[in-house]
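Heads up, the thing below is written out as structure tokens.
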Amino acid sequence: MAYFQPFEMERMMSKFEQEVEYNLSESGVHPMLLRELIADRSEILDDLLATSINYPYANGNPELRQNIALLYNDAASENVLVTVGAAEANYISIRTLLSAGDEIVMMLPNYMQIWGIAKNHNLALKTFHLCEERGWEPDIAELEAIVTPETKLIAVCNPNNPTGRILTIPEMNAIINCAQRVGAWILADEVYRGSNRISDELNPSFYGHYDKVLAIGSTSKAYGLPGLRIGWVVGPANIVDEIWARHEYTTISATMLSNKLAALALSPEIHPRILQRARTFIRNGYPILQAWLDSHPNMFSYTPPDASAITFIRYHLDINSTELTERLRKEKSVLIVPGDHFGMDHFIRISFGLPADYLTPALNRIHELLAEAGNL
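Going by UniProt numbering, the residue at position 226 of the sequence shown is 226; the numbering climbs one at a time, nothing skipped.
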């Protein structure tokens, strides 16, 4: 059997997220009900019921691609490819741009799909880091030192998973300058864009600021619509067409109903309402988590996230993060993500974009485990 690097976090979540009583491992906000999306618009329901369950446009229905393009400066529908989730968008983008032996530079910590793709396809992987002691500020000096004329692609996640850090404009410009210096591409995973905890502004995309950017998005994280399995890549039209050709080897298309529902969600009329719903969950849930963390002052340290429904938390216990999360799952039926899944032991990632009557008892169960283990 060929060498294969499993995606450790997704393996854990795939196996156990439906088996626990409390799932705090997901990084998006509480999922939306279909009736919330449709609201009181009977004509929308009538249109859905009249839909032929046929193949959609393989690259995404025109209305959906146009609505996605509206989220980016100077983008048009030909700059957009609709995929089955952001995971497919990441995968086929890298498989289009890079060959075995090509050099890729990746931000850490990060969603580790790209790390695994690099391992499984023999890419030359380098990493630069967000600095915990500086509030997860990117180490631009480290990035500048490791980017060489051999670097073909720089992969970033903004807002960041797992820290929730939003890059500042000067930080984005510094990353762009590094890429421009050697002609490298930037692959920007922006699936948490719009999930701001404090501001209502839509944080800027890398797209439109450099001609070699692929911006990845999704309806999952900031919109509370993960079950649609709709993602996208936005980039130069000629490269998007090349990525589309790889899409025909993977999934061919998303579903017709997903295309229609995502087009509705991202329409100028409904999009602001859905983002505001997500921000409400984030802004109501974070104080609950923050108060719980602060009630254990000697056990946890953390930097508040700028965006997303997750917090990356350092814990001060003499136990491995995978062991801690396994005990929590088996003994308390609560699922969280160990820092090991980001290459950083003694951290955990906890989601909070959830109803209070779900989040609070889940945190109480974590407290119970810590108390029973004699760590309080």
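Idealized CB from N, CA, C, for every residue including glycine.
Spatial neighbours of Ser52 in its own chain (CB-CB distance under 8 Å, excluding positions within 5 residues in sequence) are listed in chain order as Met256. Assigned with DSSP and collapsed to three states, Gly217 falls in strand. Annotation for Gly227: Pro31 place their beta carbon closer than 7 Å to its own, counting only its chain and skipping 5 residues before and after.
Within the stretch 262-318, the beta strand (DSSP E) runs of at least 3 residues that lie entirely inside it are, in chain order, 300-302, 310-315. Straight across, the Cα-Cα distance linking Ser258 with Glu269 is about 18 Å.
For Lys212, the three-state secondary structure derived from DSSP is coil. Judged by DSSP in its simplified three-state form, Tyr22 adopts strand. Within the same chain, Cβ atoms closer than 7 Å to the Cβ of Pro62 are found at Ser77, the five residues on either side in sequence being excluded. A direct Cα-to-Cα measurement between Asn203 and Leu167 gives close to 9 Å. In this model, Leu187 and Gly374 are separated by some 45 Å (Cα to Cα). Between Leu359 and Leu24, the CB-CB gap stays under 9 Å. By the Cβ-count criterion, Tyr207 is buried, with 16 or more other Cβ atoms from all chains shown falling within 10 Å of its own Cβ.
Using a Cβ distance threshold of 9 Å, Ala86 and Ser218 count as a contacting pair. Per the Cβ contact rule, the stretch 11-30 is not in contact with the stretch 229-246 (fewer than 3 Cβ pairs under 8 Å).
At least 9 Å separates the beta-carbon of Val337 from that of Ala362. Shown here, Thr322 sits in a helix according to DSSP, grouped into three states. Contact between the stretch 140-160 and the stretch 78-98 is present: 3 or more CB-CB pairs across the two stretches fall below 8 Å. Between the beta-carbon of Asn161 and that of Ile310 there is about 7 Å, and that keeps the pair under the 8 Å contact cut.
Under the DSSP definition of a beta bridge, Ser351 partners with Ile310. Distance check between Phe4 and each of Ile319, Ile117, Pro297 places Ile117 closest, using alpha-carbon atoms only. Each of Leu37, Ala100, Leu49, Thr83 was checked against the Cα of Thr251, and the nearest Cα belongs to Thr83.
In the three-state DSSP reduction, Met12 falls in the helix class (H, G or I). For Tyr55, the number of other beta carbons within 10 angstroms of its own is below 16, and it is reported as exposed.
For Thr168, no alpha helix (DSSP H) run applies, since DSSP gives it neither H nor E.
Looking from the CA of Glu132, the closest CA among Ile313, Glu331, Ile319, Leu324 belongs to Ile313. For the pair Arg329 and Ser308, the Cα-to-Cα distance works out to about 23 Å. Here DSSP, grouped into helix, strand and coil, assigns His341 to helix. Between Leu123 and Asp139, the C-beta spacing is not below 9 Å. DSSP places Gly60 in no alpha helix (DSSP H); its state is neither H nor E. For His247, the secondary structure class from DSSP, reduced to helix, strand or coil, is helix. Selection Ser99, Pro109, Asp46, Glu372 evaluated against Arg349 yields Pro109 as nearest (Cα-Cα). In this structure, Asp306 and Pro159 form a Cβ contact; the two beta carbons are roughly 6 Å apart against a cut-off of 8 Å. Using a Cβ distance threshold of 9 Å, Gly285 and Leu225 do not count as a contacting pair. Residue pairing from DSSP places Gly231 in a beta bridge opposite Thr83, Ser218.
When the beta-carbon positions are compared, Leu125 and Ile104 come within less than 9 Å of each other.
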